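Since the structure comes first, as structure tokens, the remarks are kept for the end.
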Amino acid sequence: MELIVTEKDNAARRLSEILSNGDFDTERRAGVNVYRWGGTRCIGLSGHVVAVDFPPEYDDWRDVEPVELIDAPVRKRPTQEGIVRALRLLSRDADRVVIATDYDREGELIGKEAYELIREVNEDVPVDRVRFSSITENEVRGAFEDRDEIDFDLAAAGEARQIIDLIWGASLTRFLSLSARQLGDDFISVGRVQGPTLKLIVDREREIEAFDPEDYWELFADLLKREGAESDPDKDAFDAQYFYEDDDGTEAERVWDEATAEAVYGRLREAEAATVSSVRRRRRTDEPPAPFNTTQFIRAASSIGYSAQRAMSIAEDLYTAGFITYPRTDNTVYPEDLDERELLEELSMGREFGDDAESLLELDDIEPTEGDEETTDHPPIHPTGELPAASELSDDEWEVYELVVRRFLATCAPDAEWEHLRVVTEVEEGDDAVGIDEGLLRLKSNGKRLTEEGYHAVYPYFSTNESYVPDVTEGEALGIVETALEAKQTQPPRRYGQSRLIETMEDMGIGTKATRHDVIQKLYDRGYIESDPPRPTGLAKAVVEASEEFADRIVSDEMTAQLEADMQAIASGEKEFDEVADESREMLSRVFEELVDSREEVGDHLQKSLKADKQLGPCPECGDTLLVRKSRAGSYFVGCDGYPECEYTLPLPSTGKPLILDEVCDDHGLNHVKMLAGRKTFVHGCPQCQADEADEEEDEVIGECPDCGEEHGGDLAIKRLRSGSRLVGCTRYPDCDYSLPLPRRGEIEVTDETCEEHDLPHLVVHSGDEPWELGCPICNYREYQSRQAGSELETIDGIGEKTAEKLKDAGVNDVSSLKEMEPDALAEQVDGIGPDTVRDWQAKAD
DNA sequence: GCAAGGTC
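Start counting the first sequence at 1; every next residue gets the next number (the working numbering).
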């Protein structure tokens, strides 16, 4: 029996389709798909199925000095037990094995890991390696005819990365966490990739904080062609801006001192006309964009409103469903195997973009664009020939799918052409103008017009805004319709947005196509960044400062650069794995020599920053500081730093994670609080004001309590709580805790209409433009609960809309029932899902 | 309960 091993199930299935000419069976071994035809079996791994880690005796952070991790043994341990079991079962009977993992460094390592697992149970079976960069008939068949061996040097390069990342990351993470006494959920992490990424964000924030804005002025005029007496100033006027030559002789628009700006403006205002002194026309070719790699896909998706995480998660679903190619790729050059014309023909059957695909088929020649990166990992992201039916995709999925399709169309489409028109005019000054600055007063206007639509016809995501400047000739006199002097200030650099951050990481060579967006998520999870665009917390600044002082490599991109060079050397046989690992261990030892003496200093600094991140302002009771705290039950509240002497507290809303804003309440001197809860994020404001308002507001009784009304006479009332939330609750609280939620915002109107089932008045919420007919609060809540149950599954990372549907078909409607399912049983029922995946979800649900 | 890298 011949056994083929791929990196993922999807690849195994597609490979099997090709090699079996579509005639294969699927069986399950240890809950894993195995494809079978003739004497061949094909199994897909799930990336790395083993992980490097320290032995269990190093698990306790307090018992082991972090420095001991440097020379601790490192072992490999299976993480995907089902897959490892299935691989072993199949290997026993194999008389030939083919490693067909991805064609990149990590793929080589994953292949070697499979090889080692196979060797444990079958010492003699010959193992081949095949390499192909896209799963197409030609490439796959070619690769199987030209079998090679595993490149153990390349795999060793990957292993060097694993061990260096583990040793540096784990030892420094434990050191920082222990020094600041932050154990448990709130440990303080650093690593080769997260370190430099965090430093990027912190450095930008430092620039912003150090920024000193400068005043400047700009002058504008609206010009109008005089010919054609009926020209309409509102319609035909065009923009012109004052400019001059600065001391270097370069063109400048900004005037840096007010007196000069006023003087020039005085002349401009008095001017009667402007004469055209030069007209320059230029044609510019606007080439279509390159094919999508992961980073450019994320960037494009972010320009239509998707976060990096969301874009990748949708792309993953579209890939699994077979509509687009693999979404994690560095490649920006289509493989030779891709027949663009054939793909366009298939796409021409699609709704929305079918006509656009067809229009491209009319071209004589289709020559797709190419980017700078040509790699062997996977093809650039493009649509497959399989088109989704209208009902198969959600709105978001469709929008992202259409983006991928249109990007492909654009790469096959012709250039666009612009005509640029630059007009310079000299102002003719009136008799009243007093000559303060005698130099010429010139204005410039830049117009642009799209003369050939080109690829924009099929790719509407780039702006094609034109700016209007009419056809004028040199010497022509123009009217000045309006003039303006605008006072402005230079702006600090902008914070990195998520997609800009990912692009910068790529430029710096840190992270990979598959991890960069996860790293950003990790920084959020660790409490290093908040909001979007991400803003660093005080803790993040302290971590970067401490690292810069004692372990600069961990926040510098040089560590990756050095590692890349070493990996290159290992792969080419110039260096040994041990040599590289030992060098790195020595370097880390030197870092620790410095660090151990500064343990307390570092810890103090981190602890102070952690506290500063939580400070709100003075306690009204004792004058000490109010802090955002977390109760034992895990909910947030405001408490005094003077506790237990001072027991002053204020509640916070129960939804979300509090973020302290810069804005301070005038009445109480407390910072405003924002509650971060994804789409439900809202500003809570000053917690003292919220509490005071609730104390002042009277409860409004609307009916009888369904729980205790008959027995104890409890009533239902609209209440505002000190935490700012509102609800319909029983007047006998806390003896009766019956309650129904109400929206936080808007005025609540109690109408005369009554719910027949519950004998309660219908409610209307007035906020924004449209009043919201909430109706009977009990009916409303029931509806809400049933909606929640559906979308709840999707809160688990890795479960998208489609998977949630599949789970619901299998009778799993919410997270709690998912947690109760037997992984193997559920995997049997749900297509394409393995028991390890289910276990993974269950772990995440906890 | 650490990293970063696969995959989902």
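Virtual Cβ for every residue (Gly too), placed ideally from N, Cα, C.
Since the structure is predicted, the reported quantities are computational estimates derived from the model, not experimental observations.
Under the rule that 16 or more other beta-carbon atoms within 10 Å means buried, what is residue i, buried or exposed?
i, result
"A825", "exposed"
"D395", "exposed"
"W256", "exposed"
"D355", "exposed"
"F211", "exposed"
"M675", "buried"
"L224", "buried"
"A633", "exposed"
"V683", "exposed"
"L440", "exposed"
"M567", "buried"
"A565", "exposed"
"M349", "exposed"
"P536", "buried"
"P56", "exposed"
"L268", "buried"
Spatial neighbours of residue i within its chain, please: CB distance less than 6 Å, with the 5 preceding and 5 following residues excluded, ordered by chain position.
i, result
"D93", "M1"
"V434", "Residue confidence is low: V434 scores 47 on pLDDT, short of 50, so the model does not pin down where it sits. Its coordinate-derived value is still stated next. Cβ neighbours of V434 beyond the five flanking positions: none."
"W772", "V765"
"P618", "G669"
Is the beta carbon of residue j closer than 7 Å to that of residue i?
i, j, result
"E476", "V664", "no"
"I188", "L176", "yes"
"R147", "V130", "yes"
"H420", "K444", "no"
"L626", "C640", "yes"
"H762", "C776", "yes"
"I70", "S589", "yes"
"R77", "A30", "no"
"V628", "I702", "no"
"E700", "I718", "yes"
"S499", "S302", "yes"
"Y643", "P658", "no"
"C730", "G714", "yes"
"P470", "C412", "no"
"D838", "A845", "Strictly speaking, residue 838 in this sequence is Val, with Asp absent from that position. In this structure, A845 does not lie closer than 7 Å to V838 by Cβ."
"G724", "P620", "no"
"V125", "V97", "yes"
"G184", "A290", "no"
"Y468", "F292", "no"
Using a Cβ-Cβ cutoff of less than 7 Å, which residues in the same chain neighbour residue i once the five nearest sequence positions on both sides are dropped?
i, result
"E345", "L361"
"D151", "E108"
"Y115", "I99, V127 and I150"
"R36", "F24, D25 and E27"
"I436", "Confidence at I436 is low in this model, with a pLDDT of 45, below 50, so its placement is unreliable and no value can be given for it."
"A11", "G44 and I135"
"Y733", "none"
"E137", "I18"
"V32", "I43, G82, I83, A86 and G834"
Whole-angstrom Cβ separation of residue i and residue j, contact assumed at under 8 Å?
i, j, result
"E417", "T451", "5 Å"
"L616", "V638", "6 Å"
"W217", "E466", "So it is not a contact: roughly 28 Å between Cβ atoms."
"A694", "I480", "With a Cβ gap of about 59 Å, A694 and I480 do not count as contacting."
"V602", "S179", "5 Å"
"I510", "T295", "So it is not a contact: roughly 12 Å between Cβ atoms."
"R442", "T425", "7 Å"
"A221", "E482", "7 Å"
"Y738", "P706", "7 Å"
Among residues of its own chain, excluding the 5 on either side of residue i, which ones have a beta-carbon nearer than 8 Å to its beta-carbon?
i, result
"T79", "H48, V49, V50 and A51"
"S133", "Y103, E139, N331, P335, T375, T376, D377, H378 and P379"
For the ligand ATP, any of its heavy atoms closer than 6 Å to the Cβ of residue i?
i, result
"E399", "No copy of the ligand ATP appears in this structure; indeed no ligand is present at all."
### Task
Please determine if the stretch 324–334 and the stretch 373–388 are in contact, where contact requires at least 3 C-beta pairs separated by less than 8 Å.
yes
### Query
Is the stretch 399–417 touching the stretch 451–464, taking contact as three or more C-beta pairs under 8 Å?
yes
### Message
If contact is defined by three or more beta carbon pairs under 8 Å, each pair taking one atom from either stretch, is the stretch 569–586 in contact with the stretch 605–613?
### Response
no
### Query
Should the stretch 186–203 be called in touch with the stretch 513–527, which here means at least 3 C-beta pairs below 8 Å?
yes
### Task
Count the C-beta pairs between the stretch 550–559 and the stretch 518–530 that are closer than 8 Å, then say yes if the count reaches three, no if not.
no
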